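Colleague: FYI, in my numbering the residues of the sequence shown are 10 to 857.
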Amino acid sequence: MNTIVPSFAPLDGAADFDKICAVFTGKHTATMFDRHAAILDKLARIYKDGFHCRDLNNLARVLTLAFGKISLSDNDPSFLHSLENLVAISHAPFLESGHNDTPADYIAAFAVSLAKLTNTRHVKISEAAAEAIYNIAGGRTPSELVKPTKRLYARQKCLKEAATTKLLERQASLEREIHFIQIEKSDTLDELMHSLETQREPRIVQAILKIIRKLSYSPISARKLSNASNVSRLVDLMYCMQDDTAFSIIVEIFWNLLSSKEKQSVANVMVQQGLNNFRTHGKSILSELFEICSSKTSVSRLKSTRNEFIIILNSLISLAPACLPGFFESNFTESIGHCMMRHELGGLQDLMRISAVDTAAPLKKPFIFTSSPEDYEFKKMLMQISMQLCSHEGNLTLLLEQGLLDFLLLYLESDCNNDAVNIWNDVQLKELQLQTLQFLNAIVPRIPQYWSAVNGNALLLNYLSKSMAQITSTKPDLVSSPTSHLATTATVENQQPAGLVKNPSNSLVGGTLRLVSRISELGPSQKRALGAQGAFKVLIAILTDPEQRVDTWRAAFLICSSLCQGCKSNKVLFGESGGVDMILPYLTYSSADPQETEAVLLAAVECVWGSVCGSATNEAAFFSADGIFALMDLIPNASYTSQRHILGCLLDLLENPKARSHVLEWRSSKNEQTGVAHLLIALWNSEERRLGVPSGAFGTLADERKPLAGHNQLVHNEPVKDGYVVEELSENLRAKIYSMFCKLGFDHFYSIISPEEQIKLTLIAKYLDFKIGQVWEEISQELEYEGIRPISPDLDCIKTATQVIVDKARAIKQKQNEIIQRKTECENHEEDEFYGTYIKQRGIPIDQ
10 MNTIVPSFAP
20 LDGAADFDKI
30 CAVFTGKHTA
40 TMFDRHAAIL
50 DKLARIYKDG
60 FHCRDLNNLA
70 RVLTLAFGKI
80 SLSDNDPSFL
90 HSLENLVAIS
100 HAPFLESGHN
110 DTPADYIAAF
120 AVSLAKLTNT
130 RHVKISEAAA
140 EAIYNIAGGR
150 TPSELVKPTK
160 RLYARQKCLK
170 EAATTKLLER
180 QASLEREIHF
190 IQIEKSDTLD
200 ELMHSLETQR
210 EPRIVQAILK
220 IIRKLSYSPI
230 SARKLSNASN
240 VSRLVDLMYC
250 MQDDTAFSII
260 VEIFWNLLSS
270 KEKQSVANVM
280 VQQGLNNFRT
290 HGKSILSELF
300 EICSSKTSVS
310 RLKSTRNEFI
320 IILNSLISLA
330 PACLPGFFES
340 NFTESIGHCM
350 MRHELGGLQD
360 LMRISAVDTA
370 APLKKPFIFT
380 SSPEDYEFKK
390 MLMQISMQLC
400 SHEGNLTLLL
410 EQGLLDFLLL
420 YLESDCNNDA
430 VNIWNDVQLK
440 ELQLQTLQFL
450 NAIVPRIPQY
460 WSAVNGNALL
470 LNYLSKSMAQ
480 ITSTKPDLVS
490 SPTSHLATTA
500 TVENQQPAGL
510 VKNPSNSLVG
520 GTLRLVSRIS
530 ELGPSQKRAL
540 GAQGAFKVLI
550 AILTDPEQRV
560 DTWRAAFLIC
570 SSLCQGCKSN
580 KVLFGESGGV
590 DMILPYLTYS
600 SADPQETEAV
610 LLAAVECVWG
620 SVCGSATNEA
630 AFFSADGIFA
640 LMDLIPNASY
650 TSQRHILGCL
660 LDLLENPKAR
670 SHVLEWRSSK
680 NEQTGVAHLL
690 IALWNSEERR
700 LGVPSGAFGT
710 LADERKPLAG
720 HNQLVHNEPV
730 KDGYVVEELS
740 ENLRAKIYSM
750 FCKLGFDHFY
760 SIISPEEQIK
770 LTLIAKYLDF
780 KIGQVWEEIS
790 QELEYEGIRP
800 ISPDLDCIKT
810 ATQVIVDKAR
820 AIKQKQNEII
830 QRKTECENHE
840 EDEFYGTYIK
850 QRGIPIDQ
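Here you go:
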C-alpha cells in the first residue's frame, strides 16, 4: 500500500507529481477514489499557504485528472470534499520559489484546468474554480497599509511602510498583466464557453460570466468570443436566464464586443441568429429580449441595464443595416413602436388618417414612462432606434400605421394637454422636441403626401413661432429700431449673459429651420404650401429680430431663397411681406468675426438671387432702395467666394434692362473716380495673379498660344463630364467678369479708363474666343492621349481653329502695343509741353 500512496514526508518538501499521476491513471489504482482523496488532502496540506508558481503546471495535471474522476466516483463525498479544499487554495496568492525553474506559461495550463472544473454538478467545486480564475485574471492587490490610530506616530516607519505598499502595488500590477496575458492566450475561454453549454446552476453561470466579462476587454479574447457559436450561446443564455445580474453581465459582454474591432462580425451573428430563430421557430429572440428588458423597471440598476441593451440594439442596426427587412418580418419593429408610442397615444381617439391601428385600445399593456433620468434616456434611445428602422420602407409604413406622425407631432404642439408629454421637465421636453425634429427631418421627405394630409407645415410654422417667442422671453429687453438692429448686434451679443448662449430654444429654432428647409426642397407644391401658410411672415420675423443668432439668420435667408426659386407666387408673397426691405440692412452687415460676416453676407446675397431676381416687382423695389449699389459696394473687400456669388447675382439682375443704369452709375465710396469698369478690370488682374497667368510689359499678352493659361490653375486628377476647360468656367471669376462687360458693353469704357486698363479690356473682350480655343486644344490633347487620329477634314478643322486663336492673340497683342505706343506718345507730348512752358516762363533761350 505504501507504493500506492506516495510519501509526502516532510510536508514542506516537493511533491512527486509523476507518482501522483500514476496513482490516478494506474490500472489497479484508477478507481481507488479514497486513495485519490487522500492524495488531494495531502497536497492541500503541503500547499496550505499557497501554490508555488513552479508547481502550477503539475497541479494542473492533477486537477485535470481529478476532474475526470468526478463522474466516475459517483460523486463520492470524501473525494469531492478533498478536491474542493485543494481548489480553494487557488484563491491564495501564488508563492515564488526563488529559483529560475518557473515555466514562462505557468498560469495558462492551471487556468485551463480550473475552467474545466467549472463544468461539474458539484456547486462548491465549480464556484471555487470560477472564483479562482476570476481572482487570477484580475490579479491580487496587496493588503492596505494600516493607518495609525494615534496622533503621534513614527514618521520614518510610516514612510517605510508606504514605500513597501507602493512596491507591492507595482508588483501586483505586473502580476495582473502577466496573468491576464497568459489566460487570454490559453484555452481558458473556450473551456468556460463549453461549461456554459451544460451548466445550469445560476450561481456558477453568473461566476463564469463574470470571468468572460473581464476577458472581453481583451482584443484577443474578443476575437475568440466573436465566432458564431460563442455569440449564439450568449444570446441564448440571455434569453433563457431569469437572473437579472446574469442578464446585466451579458449585456456588458456584448457592449465590450461591439466596442472592439470584431464588432461587425458580432453584429452579423447576433442579427442572423435572431432572424433564423424567427424563421425556424416563429419567434424573434431580439423582440422577446427587448420586451423582457423593457419590463425591468423595478430599480434604477435594472433600468440602466435596459438602456444599455437598447444601445446594443441600436449598434446592431447601424452595423448590420441588411437586417432591417428581417426586423419588419419578425415584429421587432412593432415591439419598438408599441413601447415608444403607446403611452402618448393610448388615450387618443382622434388620430390622423394614416394611423390604421386603434391605439385607444392597445392589445398590449403600454409602457408607462416617468420623468426619471433612466426613463428619459430610454425614450430618447427608442426614438433613435426607430429613426434607424425607418430607413427601411416596410418599417416606416408599419410605424406610420401605429401612429408615428401623431406621436411626433404631439411633441411639437403648443400647450399640449397630453399627460404622457407633460411628465417631462422643461429640459427633457426640449431635448425630446429636438430629437423629434431630427426624426421628422429623416422621414418627411419620403412621405410628403402623409405630411400634407396631417397639415404638418402649419403646425411646424406655429411651433417655430413659439420657439422664437421663448428665446425672446429669456433675454433682457433691448431697444433697437428695425433699420439699425444690424449695427448694434455685436454690442448686444457682448452684453448678454453667458448662459443665454446655451439656450435650448436656439437649438430648437435651428432644428425647425432645417426641417423647413428640407421640406422647401420637396417640389413646387410644398413650396407653395409653405408660402401660403405663412412661412415668409415667420422667416422675416426672424430676420428682423436682433436677438437671433447668426446661424439662425443664415438659415432663414437660405429658406427664403429656396422657397422662391422656381415659384413666382412665393416671390410675390416675399415682396408683399416686406422681404426686400428686410434684406437691405444685411448687405451692410459687419462683425468682428470675418467668418461670421461672410456667412451673413453670402446668405443675404443668396436670398437676393433667389427671391428678388426674376420678379419685376421685387427687382423694382430693390433698385429703388439702391440695392445694386449695396451689392457693388461689397465686391472690393469681399472674399473670393463672396465675389463669385455677388457677380453671379448681379448678372441675373442685369437681365432686367433697368439694372444697367444703376450699375453704370455706381462709384466707389473710397474713390469717386472708380466705376464698375475699373472694379471689374481690377478683379481680372487679381484673378490672373491668383492663377499665375504670365503677362508682358504694361499687362500685355505674353503667350499667344495659351493666352488664358496660368501656372497655378487646378490640376484635375479625375475626368470631368464637360471637360476641364468648361469646368473651369465655374472655378474662377474671369467668365463672370466677361459676362458683366457683355451686359454693360465694352467700347464706351475705353474713354474713361487708363491705358493699362484699356490693355486688359482688349484681352477681356476676346475671352470667349480664347476659351473656345482652349476647348479645341483639350480635344486635340485627349485624342492624342487615347491614340486616336482624326480624319483629315477633322484634323484640318482642329489645326485651323488653333491657328485662328493664335492669329486673334497676335491681333490683340498688336492692338495692345498700339495702346502702349499712344500712351508713350501722349506722355512724350505732355513732357514736351511741360518743358516748353517751363522754359518760356524762365526766359531761357532756346538753341536753334
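C-beta: ideal position from N, C-alpha, C; glycine also. Model, not experiment: these values are computed from the prediction.
1) So what does DSSP say about Leu531, is it helix, strand or coil?
2) Roughly how many angstroms separate the alpha carbons of Leu531 and Ser571, rounded to a whole number?
3) So, at 8 angstroms on beta carbons, what are the nonlocal neighbours of Lys388 in its own chain, with the 5 sequence-adjacent residues on each side left out?
4) Opposite Leu710 in the DSSP bridges: which residues?
5) Please name the residue or residues paired with His37 in a DSSP beta bridge.
6) Report yes if the CB atom of Arg743 is closer than 7 angstroms to the CB atom of Glu696, and no otherwise.
7) Note down, in chain order, each residue of its chain lying with its Cβ closer than 8 angstroms to the Cβ of Gln652, except the 5 sequence neighbours on either side.
8) On the criterion of 16 or more Cβ atoms from any shown chain inside 10 Å, does Ile773 qualify as buried, or is it exposed?
9) Examine chain B for any beta-carbon lying closer than 7 angstroms to the beta-carbon of Thr173, and answer yes or no.
10) With a threshold of 16 other CB atoms inside 10 Å of the CB of Leu173, please say whether the residue is buried or exposed.
11) Can you list, in chain order, the stretches of the alpha helix (DSSP H) that have 4 or more residues and sit fully within the region 404 to 457?
12) Tell me whether Ala706 counts as near the ligand HEM, meaning its Cβ is closer than 6 angstroms to at least one heavy atom of that ligand.
13) Relative to the alpha-carbon of Phe448, which residue among Tyr420, Asn427, Asn464, Asp424 has its alpha-carbon at the smallest distance?
14) How far does the alpha helix (DSSP H) with Met247 in it extend, from its first residue to its last?
15) Using the DSSP secondary-structure output, state which residues sit across from Leu104 in a beta bridge.
16) Identify which residue in Ile145, Phe42, Lys28, Ala137 has its Cα closest to the Cα of Cys62.
17) Where in the region 653 to 699 do unbroken runs of the alpha helix (DSSP H), each at least 4 residues long, occur, reported from the N-terminal end onward?
18) Have a look at Phe843 and Gln850 and give me their C-alpha separation to the nearest angstrom.
19) With DSSP collapsed to three states, give me the class of Phe755.
20) Note the first and the last residue of the continuous alpha helix (DSSP H) segment covering Gly636.
21) Tell me the rounded alpha-carbon separation between Tyr56 and Ser204.
22) Distance check for Phe545 and Cys658, CA to CA, integer angstroms please.
23) Tell me whether the beta-carbon of Leu266 lies closer than 7 angstroms to the beta-carbon of Val278.
24) Quick one: what does DSSP say Lys270 is sitting in, helix, strand or coil?
25) How would you call Ile549, buried or exposed, if buried means at least 16 neighbouring beta carbons within 10 angstroms?
26) Please list the terminal residues of the continuous alpha helix (DSSP H) segment that includes Ala47.
27) Quick check on the burial criterion: 16 or more other C-beta atoms within 10 angstroms. Buried or exposed for Lys223?
28) Taking the C-alpha atoms as reference points, what is the distance between Glu410 and Ala120?
29) Quick check: the Cα distance between Leu522 and Ser313, rounded to an integer number of angstroms?
30) Considering only the alpha carbon of each residue, which of Asp803, Glu834, Phe376 lies closest to Glu300?
31) Can you give the Cα-Cα distance for Gln444 and Pro555, rounded to whole angstroms?
32) Please work out which residues of its chain come closer than 7 angstroms, Cβ to Cβ, to Ala97, disregarding the five sequence neighbours upstream and downstream, and give them in chain order.
33) State buried or exposed for Asn128, treating a residue as buried only when at least 16 other CB atoms are found within 10 Å of its CB.
34) Check whether the Cβ atoms of Asn67 and Ala118 sit closer than 7 angstroms, and answer yes or no.
35) Just to confirm, are Arg710 and Pro716 a CB contact at a threshold of 7 angstroms?
36) Since Gln273 and Leu328 should fall inside the 8 angstroms C-beta cutoff, what is the C-beta to C-beta distance between them, to a whole number of angstroms?
Modeller: Taking the structure as given:
1) Here DSSP, grouped into helix, strand and coil, assigns Leu531 to coil.
2) 10 angstroms
3) Leaving aside the five residues that flank Lys388 on each side, the residues in its chain whose CB is nearer than 8 angstroms to its CB run, in chain order, Met349, Phe378, Leu441.
4) Ser704
5) Its beta-bridge partners do not exist; DSSP assigns none.
6) Yes, these two residues count as a Cβ contact at 7 angstroms.
7) Ile644, Leu692, Leu742
8) When all chains shown are included, Ile773 counts as buried.
9) In the displayed structure, chain B is absent; only one protein chain is listed.
10) For the sequence presented, residue 173 should be read as Thr rather than Leu. When all chains shown are included, Thr173 counts as exposed.
11) 413 to 419, 428 to 431, 435 to 452
12) The ligand HEM is absent from the structure shown, which contains no ligands of any kind.
13) Tyr420
14) 237 to 249
15) His61
16) Ile145
17) Within the region 653 to 699, the complete alpha helix (DSSP H) runs of at least 4 residues are 667 to 674.
18) 11 angstroms
19) coil
20) Counting along the chain, the alpha helix (DSSP H) containing Gly636 begins and ends at 636 to 643.
21) 27 angstroms
22) Rounded to whole angstroms, Cys658 to Phe545 spans 21 angstroms at the Cα level.
23) no
24) coil
25) buried
26) 42 to 55
27) buried
28) 55 angstroms
29) 34 angstroms
30) Measuring C-alpha to C-alpha distances from Glu300 to each of Asp803, Glu834, Phe376 identifies Phe376 as the nearest.
31) 27 angstroms
32) Ala137
33) buried
34) no
35) According to the sequence shown, residue 710 is Leu rather than Arg. Contact: yes.
36) Yes, Gln273 and Leu328 are in contact; Cβ-Cβ is about 6 angstroms, under 8 angstroms.
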